[in-house]
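Chemist:
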Amino acid sequence: MAREKQKTITMKPLSPVSQLFVSPGFYCVIVFTLGFKTRCNPSAIVEGIKNTWIKLPRFSSKVVMDDKKNGEAVWVPVSVRVEDHVIVPDLDHSNIENPDEFIQDYTSNLANTPMDMSRPLWEFHVLNIKTSNAESLGIGKFHHSLGDGMSLMSLLYASSRKTSDPDALPTTAATRKHVDTNDKAWWLLVARFWFIIRVIITTATEMFKSLLTVCFMRDTKTPLLGKLGDEIRPRKIIHRIVSFDDVKFVKNAMEMDLADMMAKGSKCRWGNFMGVVLFPLWIKSEDDPLEYVRRAKATMDMKKVSMETLLLYGVIKFTMKIFGEKAAETIAKKIFGHTTLTFSNVLGPNEEISFFQHPISYVAASALVGPQALIIHFVSYVNKLIINLAVDTAVIPDPHLLCDDLIESLDLIKLAILEKGLHKMEV
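Numbered according to the numbering used here, the sequence shown spans residues 2 to 428.
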């Protein structure tokens, strides 16, 4: 009786999105790489995780299907031996001719290997191998049910300290908006009223487009477009490091905002509190490279006014509660199955940090979700921008060439700004 009562108290249901991620039709994991500036000390990593990660309930729980709740997935606390989750592979360094390629293969194999659902859904691999960008690496693998990219970035912050001040937690640059206190009250009322009208109209329009996409519309058929039933497909994971200053250069010249995902004082909760924005890409050939930036900015400005992403999350949550997991799973699969690719970005630390006493050189991350052949993630770290690709090599046999194309596009945009003199604008 006592055991049964304890079991009932400790079980905690997964969030609606996490419920989808553990369903048999989805295989959703996040793989991140931390490049270190020094050789890695596995003992320090183990001790650090014991003092931080394990204190989070999801990192010390496993997922169990509760028969008493119609098979609903719940978190059940278990005893965790951190040493079993921190893996130090025995590497034959003499046979590693290309360390960068070895790490790509290792990361890809790790991502494509199904997780053991009978224990907490995370693991961390320590590799003391020198690459072109790091002296050693830590590669983590999280099941997506543990949390979204924002949650995992906050976990990195909690596990790190400033290299300039080993006792201080990292900080991020908060976005500051100037408010003119001299504005007249009547003008503020008019502006707020017009903003509310814009939100209502834009939300209705964008939500209607999203529902059409879920029900009927789909992108033009290309090899990138996923097929229902292809959610679990092997992918190659690579990343490339470029200058974040180049991106800021374009942002300042084109008068765009950089959203701070982890502003100080954020009320963000742990979990998978994320929605989806359906973003049209302009693929017509333009003589002016800046036209692509202008169109993307105009679209994103409109999307920011819309509450599309919040409502889509609400639709999935409502559908799961009323009609069950299968109905919500069908909606999610159609969103990914009717669109060409997934794109996401997370703003990382703007100052150098150390992870359990290991100074970090860069941070890379990829989330494998849905049936699409191409998934793109961008992660920033200090003055670096890390381009992360997860691709189906049967469709994109040379992802490095695609990386080259993305970098060349950025160079063309930067060159166009210099030629037009836009860089002289005040920033």
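Every residue, glycine too, gets a C-beta built ideally from N, C-alpha and C.
To the nearest angstrom, how far is it from the Cα of GLY422 to the Cα of PRO58?
Modeler: Indexing the sequence shown from 1 puts residue 422 at position 421. Indexing the sequence shown from 1 puts residue 58 at position 57. Each residue's alpha carbon lies about 53 angstroms from the other.
Chemist: With a threshold of 6 angstroms on Cβ separation, who are the neighbours of THR394 within its own chain once the five nearest residues in sequence on each side are excluded?
Modeler: Taking the sequence shown and counting its residues from 1, one reaches residue 394 at position 393. Closer than 6 angstroms at Cβ, skipping near neighbours: LYS237.
Chemist: At 3 residues or longer, what runs of the beta strand (DSSP E) sit wholly inside the stretch 46-95?
Modeler: 62-67 and 73-78
Chemist: Would you mind giving the Cβ-Cβ distance between PRO372 and PHE337, rounded to the nearest angstrom? I have them listed as a contact below 8 angstroms.
Modeler: Counted from its first residue, the sequence shown places residue 372 at position 371. Counted from its first residue, the sequence shown places residue 337 at position 336. About 6 angstroms; that satisfies the 8 angstroms criterion.
Chemist: When the distance is taken between beta carbons, is HIS240 closer than 7 angstroms to ASN389?
Modeler: Residue numbering aside, residue 389 sits at position 388 when the sequence shown is read from its first letter. Residue numbering aside, residue 240 sits at position 239 when the sequence shown is read from its first letter. In this structure, ASN389 sits near HIS240, with a CB-CB distance shorter than 7 angstroms.
Chemist: Using the C-alpha atoms, what's the distance from PHE379 back to GLY150?
Modeler: Residue 150 sits at position 149 when you count from the first residue of the sequence shown. Residue 379 sits at position 378 when you count from the first residue of the sequence shown. Cα to Cα, the separation comes out at about 11 angstroms.
Chemist: Measure the CB-CB distance between ASN99 and SER362 and report whether it falls below 7 angstroms.
Modeler: For this step, residue 99 is matched to residue 98 along the sequence shown. For this step, residue 362 is matched to residue 361 along the sequence shown. Between ASN99 and SER362, the gap from beta carbon to beta carbon reaches 7 angstroms or more.
Chemist: How is TYR1 classed by DSSP in three states: helix, strand or coil?
Modeler: This structure leaves residue 1 out entirely; the chain is present only between 2 and 428.
Chemist: Given that a residue counts as buried once 16 or more other Cβ atoms are within 10 Å of its Cβ, and exposed if not, what is GLU420?
Modeler: On the sequence shown, residue 420 is found 419 positions in, with the first residue counted as 1. Counting Cβ neighbours within 10 Å, GLU420 comes out exposed, since fewer than 16 surround it.
Chemist: Quick one: what's got a C-beta closer than 6 angstroms to LEU291's C-beta in the same chain, skipping five residues either side?
Modeler: For the purposes of this step, residue 291 is identified with residue 290 of the sequence shown, where counting begins at 1. Taken in chain order, the residues that qualify are ALA417.
Chemist: Under 6 angstroms Cβ to Cβ from TYR107, same chain only, skipping five residues before and after it: list those, please.
Modeler: By one-based count along the sequence shown, residue 107 stands at place 106. Closer than 6 angstroms at the Cβ level, and outside the excluded window around TYR107, lies no residue.
Chemist: Could you tell me whether the stretch 37-49 touches the stretch 11-21, using the rule of 3 or more Cβ pairs below 8 angstroms?
Modeler: no
Chemist: For SER355 and PHE33, I'd like the C-alpha separation in whole angstroms.
Modeler: Reading the sequence shown from its first residue, position 354 is the one you call residue 355. Reading the sequence shown from its first residue, position 32 is the one you call residue 33. Going by the C-alpha atoms only, they are around 16 angstroms apart.
Chemist: Apply the 10 Å Cβ neighbour rule to HIS94 and answer buried if 16 or more other Cβ atoms are within range, or exposed otherwise.
Modeler: Working through the sequence shown from its first residue, we reach residue 94 at position 93. HIS94 is exposed by the Cβ-count criterion.
Chemist: When you compare each of ASP412, PRO398, ASP258 and TYR293 to LEU348 by their alpha carbons, which one comes out closest?
Modeler: Residue 348 sits at position 347 when you count from the first residue of the sequence shown. Minimum Cα distance to LEU348 is reached at ASP258.
Chemist: How many Å lie between ASN346 and HIS359 at the Cα?
Modeler: Taking the first residue of the sequence shown as position 1, residue 346 is located at position 345. Taking the first residue of the sequence shown as position 1, residue 359 is located at position 358. Going by the C-alpha atoms only, they are around 24 angstroms apart.
Chemist: With distances taken from CA atoms, which of ALA169, SER119 and LEU147 is nearest GLU352?
Modeler: As a position in the sequence shown, residue 352 is number 351, starting the count at 1. For the residues ALA169, SER119 and LEU147, the minimum Cα distance to GLU352 belongs to ALA169.
Chemist: In terms of residue numbering, what span does the alpha helix (DSSP H) encompassing HIS401 cover?
Modeler: Walking along the sequence shown from the start, residue 401 turns up at place 400. Counting along the chain, the alpha helix (DSSP H) containing HIS401 begins and ends at 400-421.
Chemist: Between which two residues does the beta strand (DSSP E) carrying GLY141 extend?
Modeler: Against the sequence shown, residue 141 aligns to sequence position 140. From DSSP, the beta strand (DSSP E) with GLY141 extends over 137-144.
Chemist: Are at least three pairs of beta-carbons, each pair with one atom in the stretch 136-145 and one in the stretch 327-344, less than 8 angstroms apart?
Modeler: Not touching, per the Cβ criterion.
Chemist: My output table needs one value for SER119: the three-state DSSP class, helix, strand or coil.
Modeler: Translated into positions along the sequence shown, residue 119 becomes position 118. In the structure shown, SER119 sits in coil (DSSP, three-state: anything other than H, G, I, E or B).
Chemist: State yes or no: is the C-beta of THR203 within less than 7 angstroms of the C-beta of VAL306?
Modeler: Walking along the sequence shown from the start, residue 203 turns up at place 202. Walking along the sequence shown from the start, residue 306 turns up at place 305. For THR203 and VAL306, yes; Cβs fall inside 7 angstroms.
Chemist: Put GLU352 into one of helix, strand or coil per three-state DSSP.
Modeler: Walking along the sequence shown from the start, residue 352 turns up at place 351. For GLU352, the secondary structure class from DSSP, reduced to helix, strand or coil, is coil.
Chemist: Answer with buried or exposed for PRO17, where buried requires no fewer than 16 other C-beta atoms within 10 angstroms of its C-beta.
Modeler: Counting from 1 along the sequence shown, the entry for residue 17 is found at position 16. PRO17 should be labelled buried.
Chemist: Going by Cα to Cα distance, which pick from SER44, ALA333 and VAL79 is closest to LYS56?
Modeler: The residue you call residue 56 lines up with position 55 of the sequence shown. Out of SER44, ALA333 and VAL79, VAL79 has the C-alpha closest to the C-alpha of LYS56.
Chemist: Here's the rule I'm using: 16 or more other beta-carbon atoms within 10 Å means buried, otherwise exposed. How should LEU413 be labelled?
Modeler: Indexing the sequence shown from 1 puts residue 413 at position 412. Label assigned to LEU413: exposed.
Chemist: Here's the rule: buried if 16 or more other CB atoms are within 10 angstroms of the residue's CB, otherwise exposed. What is PHE27?
Modeler: Indexing the sequence shown from 1 puts residue 27 at position 26. PHE27 is buried by the Cβ-count criterion.
Chemist: Looking at PRO167: is its Cβ nearer than 7 angstroms to the Cβ of TYR158?
Modeler: Indexing the sequence shown from 1 puts residue 167 at position 166. Indexing the sequence shown from 1 puts residue 158 at position 157. Cβ atoms of PRO167 and TYR158: not closer than 7 angstroms.
Chemist: From the DSSP secondary-structure annotation, give me the bridge partner or partners of THR34.
Modeler: Numbered from its first residue, the sequence shown carries residue 34 at position 33. In DSSP, THR34 forms a bridge with ILE140 and ALA365.
Chemist: Check whether the Cβ atoms of LEU411 and ALA391 sit closer than 7 angstroms, and answer yes or no.
Modeler: In the sequence shown, counting from the first residue as 1, residue 411 sits at position 410. In the sequence shown, counting from the first residue as 1, residue 391 sits at position 390. Result no, Cβ atoms of LEU411 and ALA391 do not sit closer than 7 angstroms.
Chemist: Should MET66 go down as buried or exposed, given a rule of 16 or more other Cβ atoms within 10 Å for buried?
Modeler: Within the sequence shown, residue 66 is the residue found at index 65, counting from 1. MET66 should be labelled exposed.
Chemist: Excluding the five sequence neighbours on either side, which residues of its own chain have a C-beta within less than 6 angstroms of the C-beta of ASP1, listed in chain order?
Modeler: Since the first and last residues shown for the chain are 2 and 428, residue 1 lies out of range.
Chemist: Where MET118 and PHE60 are concerned, what is the direct C-alpha to C-alpha distance, given to the nearest angstrom?
Modeler: Taking the sequence shown and counting its residues from 1, the one referred to as residue 118 is at position 117. Taking the sequence shown and counting its residues from 1, the one referred to as residue 60 is at position 59. Those two C-alpha atoms are separated by around 13 angstroms.
Chemist: Which parts of the stretch 276-323 are runs of the alpha helix (DSSP H), unbroken and 4 residues or longer, counting only runs that do not cross its ends?
Modeler: With a minimum length of 4 residues, the continuous alpha helix (DSSP H) runs that stay inside the stretch 276-323 are 291-306.
Chemist: DSSP on GLU98, reduced to helix/strand/coil?
Modeler: To locate residue 98, count along the sequence shown from 1; it is residue 97. In the structure shown, GLU98 sits in coil (DSSP, three-state: anything other than H, G, I, E or B).
Chemist: Which of the three DSSP states is assigned to SER152 in this structure?
Modeler: The residue you call residue 152 lines up with position 151 of the sequence shown. Here SER152 sits in helix by DSSP.
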